[in-house]
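Student: The structure's right below; bear with me while I get my questions together.
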Amino acid sequence: MRDVLGRWRLPAVVGELLLVACVAAVTAYLADVLPVWGWPGVVFATGPVLTAVVALTAVVVLLRRWSAWVALLGAAVLFGVFPATGVALAVVAHTAGGRCGPPLRGPLFGVAALLPLGVVLITQPAYRWQYVTIVITTLTVLCLAVPALVGALQAQQARLVAALRERAEFLARTRDLERSEARQRERSRIAEETHDHLGHRLSLIAMYSGALEVAATDQDPELVKAAHLVRSTARTALNELRQSLGVLRPAGQQAESTEATGTRADVTGLVEASRAAGVSVSLDWRGPDLTDARVPVRQAVHRVVREALTNVHKHAAGAPVTVTVESGPERLVVEVGNGPDGVPRLAGTGSGLVGLRERVRLVAGGLTAGPTADGGFAVTAVIPLTGEGPVAEAEADERAAGAIPTPRRTVRLAAALLPVAGLAAVAAMVLTTLAFVPPPAPADHEDPLEDIKLGMTPEDVEGWFGPNIVSAEAAALDHEPPWPDDTWCSYVPADDPPDAKTAAIFRFCFAEDELVEKTWFEIPVYED
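Numbering (my numbering), first residue to last: 1 to 528.
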């Protein structure tokens, strides 16, 4: 009910109050219905007693949030005295099953399961022990054991889901980090190539302007001044470029780009190198060569072919590979595809493809990569030959695609209604159990007083049948057999069906605190 900062969360508080109100309403209903269903000898909750029972029910339900075990033991004792509180016991047992773990879970649940039976055996007459044992054991299983098991399974499932979600979030962060690193590596490589090519062009500008300055020394002073300004500006730009981009060059590694990078000869060289490594590669070049294409375009072609062939060496070295370059007037399509090689291999990290997308994005192109219908894999880059600037990054889309889904509103609503359905099911099972386990009646036994022996004390008999009932003594007048001499008697009514035409009454007569006679007789039941 509290968040990590210890503050109360309003939805949880409202949900807890609604649960308490629901449990109290069901308890009051069961307390009203149980006498009709014939539970014998139970202390029924009516009037002020009902108010106290409902209040105790609310207390144990709320107490489970602070001490589930104390609430469980209290609910078990309350259930033994008032079976109408079975729903509250189910709620507390569900929470305790989810919160309490080994090694004390088994023994404490065993004690909680035995408490209702012990309380009932103490409060009920001894001759009913078979009946109350069957009924209270059945209700304990329904109201304590089953909810506790469900709570433990749900808690275990919640912990498993939380662990899987945490693992998925960790993998998503790792994947984003790898993509970011791959993107940064590719950007560093692009910056390195930009440094080399742009530096080369600036050096040529400085050289040409210097030559122009020397040639125009004796002819035009203004031209000499302009040439000097161009040369000095080019040198300044070259120095600044070296200072800003030169640090991005990897230590001990030279720039890979040349004037032939990305041309047909360059791609043919990459294909021949793969063939020499044992990969079956074929080249299909369609259209003119790329010698006149912009340098970033040729660099993108080189990187796509080289990275795709590298992936083939790693993941499908035995598969046939086709490199297709289709050069048109407005766009360039580069595709590297391989068929299946029949060897199961581990999937790659995808960082190389992230670098390729960054390279292709630089020239306003797009790249797709994925499995083909025949079980192979294909990498396709579409590069416009007329574009100048990069397209927008797709980091947000990639992040959204890898986001962990959240439960839908209908799922959350179903989860909220599930406890209500569980409470209704428990209440229905309590009533069903009491309906299908009939109480004992004198007619069910040849001698209902078989277990009562002459010579027993009044306390012993009271332990079996209960104390003297004044209303039964009054009803026995004019219907009972004569008393033995010098005795006094106690009367206990039998638990007859409500629609019976006669009622049985047990009479126990004592002399000097010893049972000297035991009998039972029937009296007529007069309808109003």
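The beta-carbon is built from N, C-alpha and C at its ideal position, and this holds for glycine as well.
Within 10 Å of its beta-carbon, does residue 122 have 16 or more other beta-carbons around it, so buried, or fewer, so exposed?
Tutor: Taking the sequence shown and counting its residues from 1, one reaches residue 122 at position 122. Residue 122 comes out exposed.
Student: Quick one: any contact between the region 331-339 and the region 297-306, if contact means 3 or more CB pairs under 8 Å?
Tutor: These segments touch.
Student: For the alpha helix (DSSP H) that contains residue 294, what are its first and last residues?
Tutor: Mapped onto the sequence shown, residue 294 falls at position 294. It is not in any alpha helix (DSSP H) - residue 294 carries neither H nor E in the DSSP assignment.
Student: Return the first residue and the last residue of the alpha helix (DSSP H) that residue 481 is part of.
Tutor: To locate residue 481, count along the sequence shown from 1; it is residue 481. Looking at the DSSP string, residue 481 is not in any alpha helix (DSSP H), and its letter there is neither H nor E.
Student: Roughly how many angstroms separate the alpha carbons of residue 286 and residue 166, rounded to a whole number?
Tutor: Counted from its first residue, the sequence shown places residue 286 at position 286. Counted from its first residue, the sequence shown places residue 166 at position 166. Those two C-alpha atoms are separated by around 49 Å.
Student: Please identify the residue among 74, 263, 30 and 307 whose C-alpha is closest to the C-alpha of residue 119.
Tutor: One-based indexing of the sequence shown puts residue 119 at position 119. Checked all of 74, 263, 30 and 307; the closest Cα to residue 119 is 74.
Student: Roughly how far, in whole angstroms, is the beta-carbon of residue 523 from the beta-carbon of residue 494, given that I think they are within contact range, below 8 Å?
Tutor: Mapped onto the sequence shown, residue 523 falls at position 523. Mapped onto the sequence shown, residue 494 falls at position 494. 11 Å between Cβ atoms; not a contact.
Student: With a threshold of 8 Å, are at least 3 pairs of Cβ atoms found where one atom belongs to the region 502-516 and the other to the region 467-476?
Tutor: At 8 Å Cβ cutoff, the stretches touch.
Student: Tell me which residue opens and which closes the beta strand (DSSP E) that residue 59 is part of.
Tutor: The residue given as residue 59 occupies position 59 in the sequence shown. Premise fails: residue 59 lies in the alpha helix (DSSP H), 48-63, not in any beta strand (DSSP E).
Student: Please confirm if the region 45-62 is in contact with the region 7-27, defined as three or more CB-CB distances below 8 Å between the two stretches.
Tutor: Contact between the region 45-62 and the region 7-27 is present, because at least three Cβ pairs lie under 8 Å.
Student: Where residue 378 and residue 171 are concerned, what is the direct C-alpha to C-alpha distance, given to the nearest angstrom?
Tutor: Locating residue 378 in the sequence shown gives position 378, counting from the first residue. Locating residue 171 in the sequence shown gives position 171, counting from the first residue. So the alpha carbons of these two residues sit roughly 25 Å apart.
Student: For residue 430, which option in 188, 134 and 207 has the closest C-alpha, if you only look at C-alpha atoms?
Tutor: For this step, residue 430 is matched to residue 430 along the sequence shown. Closest option to residue 430, Cα to Cα, is 134.
Student: Among residues of its own chain, excluding the 5 on either side of residue 516, which ones have a beta-carbon nearer than 7 Å to its beta-carbon?
Tutor: Working through the sequence shown from its first residue, we reach residue 516 at position 516. Excluding positions up to five away in sequence, the list reads 454, 484, 487, 509 and 510.
Student: For residue 84 versus residue 30, is the C-beta spacing smaller than 9 Å?
Tutor: Position 84 of the sequence shown, counted from the start, is the residue given in the question as residue 84. Position 30 of the sequence shown, counted from the start, is the residue given in the question as residue 30. Yes, Cβ-Cβ distance for residue 84 and residue 30 is below 9 Å.
Student: Measure the Cβ-Cβ separation of residue 324 and residue 337 and say whether it is below 9 Å.
Tutor: Working through the sequence shown from its first residue, we reach residue 324 at position 324. Working through the sequence shown from its first residue, we reach residue 337 at position 337. Yes; because the gap between Cβ atoms is below 9 Å, this pair is in contact.
Student: Would you mind working out which of 372, 376 and 382 sits nearest residue 356, comparing C-alpha positions?
Tutor: Numbered from 1 along the sequence shown, position 356 holds the residue referred to as residue 356. Of 372, 376 and 382, the residue nearest in Cα terms is 382.
Student: Which residues bound the alpha helix (DSSP H) around residue 220?
Tutor: Translated into the one-based positions of the sequence shown, residue 220 becomes position 220. Segment: none, residue 220 is in no alpha helix (DSSP H) and carries neither H nor E.
Student: If you follow the beta strand (DSSP E) that residue 266 is part of, which residue opens it and which one closes it?
Tutor: Working through the sequence shown from its first residue, we reach residue 266 at position 266. Not the beta strand (DSSP E): residue 266 falls in the alpha helix (DSSP H), residues 264-276.
Student: To the nearest angstrom, how far is the alpha carbon of residue 168 from that of residue 428?
Tutor: In the sequence shown, the residue the question calls residue 168 occupies position 168. In the sequence shown, the residue the question calls residue 428 occupies position 428. Looking at the two C-alpha atoms, the distance is approximately 41 Å.
Student: Is the CB-CB distance between residue 290 and residue 264 below 9 Å?
Tutor: As a working mapping, residue 290 is identified with position 290 in the sequence shown. As a working mapping, residue 264 is identified with position 264 in the sequence shown. Yes. Within cutoff.
Student: Who are residue 491's beta bridge partners in DSSP?
Tutor: Sequence index remark: in the sequence shown, residue 491 carries index 491 (1-based). Note: residue 491 sits in a beta bridge opposite 507.
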